[in-house]
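Colleague:
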Ligand SMILES: [Ca+2]
Ligand SMILES: [Ca+2]
């Protein structure tokens, strides 16, 4: 059984353009409000050292906390994804990143129509490959359609581009990729998990977000400002929270702090 994950959001009031609304000049504009402060059942235990911190101190504390993990092989990732990415409405299927398609768990492989293991932090950005380490870290590995995984390739993330056929609303252009709206926050929180987890102190590159596209093999991923906006626009879903629990309970025994505390994105970046 998964531990019950208790979240209590203290929603900040949504800012309205009050004056304009009162005089009826424009339609009410809902302003994007920052991710609400969250408390979780892990604050007094798992996150005890991080609570109350901000900026570099918070990032350093979270790095220490989440670096205590079990690591799995790349071949073991298949079964882990069958558990972590399970369709909540059909336990025979997984939900595919970027497209949102539900597909049979048994269709894992490399052929068109199969799903495979997408490195959301593209493995060429820091060149960590598929060895045990960042290349097998479940917190950024997701089941993905083979064809759409190939279209994403190692592109940085940014808004814009033309629609990806069968991509559920994902878009692509020559130097960037944008997931469908429902996966944008997930992608942001996965990328920023990687930035905190990998700080260059364990034989792997120090992974960091930046404001560029076209990062190629450098250990960077863009664009930070877009990822921050996606974190705000697409808060953690039940699917994403369950996934975090499965990885924590059954595989790596570490958590993605930004799924538990999305407001920590702004607290660090
Ligand atoms: Ca989402
Ligand atoms: Ca880093």
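Numbering (this note's numbering), first residue to last: 42 to 310. The C-beta atom is built at its ideal place from N, Cα and C for all residues, glycine as well.
Is residue 292 closer than 9 Å to residue 179 when the C-beta atoms are compared?
Modeller: Taking the first residue of the chain shown as position 1, residue 179 is located at position 138. Taking the first residue of the chain shown as position 1, residue 292 is located at position 251. For residue 179 and residue 292, yes; Cβs fall inside 9 Å.
Colleague: What ranges does the beta strand (DSSP E) occupy inside the stretch 247-274, keeping only unbroken runs of at least 3 residues that lie completely in it?
Modeller: DSSP runs (the beta strand (DSSP E)) wholly in the stretch 247-274: none.
Colleague: Assuming residue 184 is part of the beta strand (DSSP E), what are its boundary residues?
Modeller: As a position in the chain shown, residue 184 is number 143, starting the count at 1. Where residue 184 is concerned, the enclosing beta strand (DSSP E) stretches over 182-186.
Colleague: Which whole-angstrom value describes the C-beta separation of residue 320 and residue 205, a residue pair presumed to lie in contact below a C-beta threshold of 8 Å?
Modeller: Outside the displayed span of the chain (42 to 310) sits residue 320, for which this structure offers no information.
Colleague: My output table needs one value for residue 136: the three-state DSSP class, helix, strand or coil.
Modeller: On the chain shown, position 95 is the one that residue 136 refers to. Reduced to three states, the DSSP call for residue 136 is strand.
Colleague: Does DSSP put residue 221 in a helix, a strand or coil?
Modeller: Numbered from 1 along the chain shown, position 180 holds the residue referred to as residue 221. Coil at residue 221, not helix or strand.
Colleague: Note the first and the last residue of the continuous beta strand (DSSP E) segment covering residue 302.
Modeller: In the chain shown, residue 302 corresponds to position 261, counting from 1. No beta strand (DSSP E) contains residue 302, which DSSP labels as neither H nor E.
Colleague: Between residue 234 and residue 299, which are expected to be in contact by the criterion C-beta below 8 Å, what is the C-beta distance as a whole number of angstroms?
Modeller: In the chain shown, counting from the first residue as 1, residue 234 sits at position 193. In the chain shown, counting from the first residue as 1, residue 299 sits at position 258. Their Cβ separation, rounded to whole angstroms, is 6 Å, which keeps residue 234 and residue 299 in contact under 8 Å.
Colleague: Going by DSSP in three states, residue 116 sits in which element: helix, strand or coil?
Modeller: Here residue 116 refers to the residue found at position 75 of the chain shown. If DSSP states are grouped into helix, strand and coil, residue 116 belongs with coil.
Colleague: Does DSSP classify residue 344 as helix, strand or coil?
Modeller: One cannot answer for residue 344 here, as it falls past the ends of the chain, which runs 42 to 310.
Colleague: Would residue 276 and residue 262 be called neighbours here (beta carbons separated by less than 9 Å)?
Modeller: Within the chain shown, numbered from 1, the residue matching residue 276 stands at position 235. Within the chain shown, numbered from 1, the residue matching residue 262 stands at position 221. No, these two residues do not count as a Cβ contact at 9 Å.
Colleague: Specify whether the stretch 237-248 and the stretch 113-133 touch according to this definition: at least 3 beta carbon pairs, one from each stretch, less than 8 Å apart.
Modeller: Judged by Cβ distances under 8 Å, the stretch 237-248 makes no contact with the stretch 113-133, as fewer than three pairs qualify.
Colleague: Assuming residue 242 contacts residue 217 under a Cβ cut-off of 8 Å, what Cβ separation, rounded to an integer in Å, is found between them?
Modeller: Here residue 242 refers to the residue found at position 201 when the chain shown is read from its first residue. Here residue 217 refers to the residue found at position 176 when the chain shown is read from its first residue. At roughly 30 Å, the Cβ-Cβ gap does not stay under 8 Å, so residue 242 and residue 217 are not in contact.
Colleague: Can you tell which of 236, 98, 182 has the C-alpha that lies nearest to the C-alpha of residue 120?
Modeller: Working through the chain shown from its first residue, we reach residue 120 at position 79. Selected option, being the one with the closest Cα: 182.
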